[in-house]
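Contents: one structure, followed by commentary.
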Amino acid sequence: MAYWLMKSEPDEVSIDDALAQQSVAWFGVRNYQARNFMRDAMRVGDGVLFYHSSCAEPGIAGLAEVVSGAYPDPTQFDMTSKYFDPKANRENPRWIMVDVKAKKKTRLLSLSELRACKALSTMLVLQKGSRLSITPVSEMEWTTILTLLNS
DNA sequence: GCCAACGTTGGC
DNA sequence: GCCAACGTTGGC
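Per the working numbering, the first sequence starts with residue 4, numbered consecutively.
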């Protein structure tokens with residue numbers, strides 16, 4: 004059992020949008036490191052911190068769970084999609100995704116609050132210049148965040 | 001909209 | 001394999 008932080012732009016898929024669906028297909032990841040995390044390390048049942056990025060109030064907005072293994076992201080083949088990749092082909096897909104099920108909306112644990120918590124200073128998402136949309140979260144970080152959410 | 005930081009591309 | 005140029009991310 005591992006833990007992850009996954010960024011979503013609430014204008015595209017917010018925690019409310021995700022809760023309204025049975026599960027959310029995490030399409031659109033176009034970074035090899037993030038892809039490799041999904042492909043090589045994620046397992047069904049892993050815990051997910053649902054993070055709102057590129058918005059007025061960035062931060063953790065909910066809890067979710069990985070509910071599928073990795074499979075090809077169809078938007079790479081869709082010429083009308085902004086995620087279309089001309090170098091991808093069906094025989095050898097470049098980009099994959101997983102399905103994520105939102106479990107609950109939490110209070111907004113803002114970026115500033117995360118930064119203020121010393122126990123969370125190791126979080127990859129808080130490192131200077133970090134842009135990865137999917138990052139592993141340690142068990143200690145996960146536990147600390149659950150505690151913060153209940154306080 | 002700005003801009004720092006990072007990732008990717010492609011010529012050499 | 002190097003590295004300049006370009007594109008993207010994402011907080012502010």
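Yeah, the Cβ is synthetic: ideal placement off N, Cα and C, and Gly gets one too.
Buried or exposed by the 16-neighbour rule on C-beta atoms within 10 Å, applied to residue i
{"i": "residue 38", "result": "buried"}
{"i": "residue 13", "result": "buried"}
{"i": "residue 36", "result": "exposed"}
{"i": "residue 122", "result": "exposed"}
{"i": "residue 76", "result": "buried"}
{"i": "residue 94", "result": "exposed"}
{"i": "residue 82", "result": "exposed"}
{"i": "residue 3", "result": "Because the chain is modelled from 4 through 154, residue 3 falls outside the range shown and cannot be assessed."}
{"i": "residue 10", "result": "buried"}
Own chain partners of residue i with C-beta closer than 6 Å, once the 5 adjacent residues on each side are dropped
{"i": "residue 21", "result": "27, 105"}
{"i": "residue 8", "result": "52, 54, 128, 138, 140"}
{"i": "residue 57", "result": "12"}
{"i": "residue 86", "result": "31, 78"}
Nearest-angstrom Cβ-Cβ length linking residue i and residue j, presumed shorter than 8 Å
{"i": "residue 50", "j": "residue 6", "result": "4 Å"}
{"i": "residue 119", "j": "residue 99", "result": "Incorrect: roughly 35 Å between the Cβ atoms, too far for contact."}
{"i": "residue 101", "j": "residue 41", "result": "5 Å"}
{"i": "residue 155", "j": "residue 115", "result": "No answer is possible for residue 155: the residues shown for the chain start at 4 and end at 154."}
{"i": "residue 97", "j": "residue 107", "result": "Actually they do not touch by this definition, with Cβ atoms about 33 Å apart."}
Local conformation of residue i per DSSP, three classes
{"i": "residue 138", "result": "strand"}
{"i": "residue 13", "result": "coil"}
{"i": "residue 78", "result": "helix"}
{"i": "residue 121", "result": "helix"}
{"i": "residue 94", "result": "coil"}
{"i": "residue 100", "result": "strand"}
{"i": "residue 28", "result": "strand"}
{"i": "residue 113", "result": "strand"}
{"i": "residue 60", "result": "coil"}
{"i": "residue 23", "result": "coil"}
Other residues of its chain near residue i: CB distance less than 7 Å, five sequence neighbours each side excluded
{"i": "residue 109", "result": "63, 64, 65, 66, 152"}
{"i": "residue 80", "result": "91, 93"}
Residue j beta carbon less than 7 Å from that of residue i
{"i": "residue 71", "j": "residue 78", "result": "no"}
{"i": "residue 60", "j": "residue 111", "result": "yes"}
Check: residue i C-beta below 6 Å from any heavy atom of the ligand GTP
{"i": "residue 6", "result": "This structure lacks the ligand GTP, and indeed carries no ligand of any kind."}
Contact set for residue i: own chain, Cβ-Cβ below 8 Å, skip 5 residues either direction
{"i": "residue 147", "result": "120, 122, 123"}
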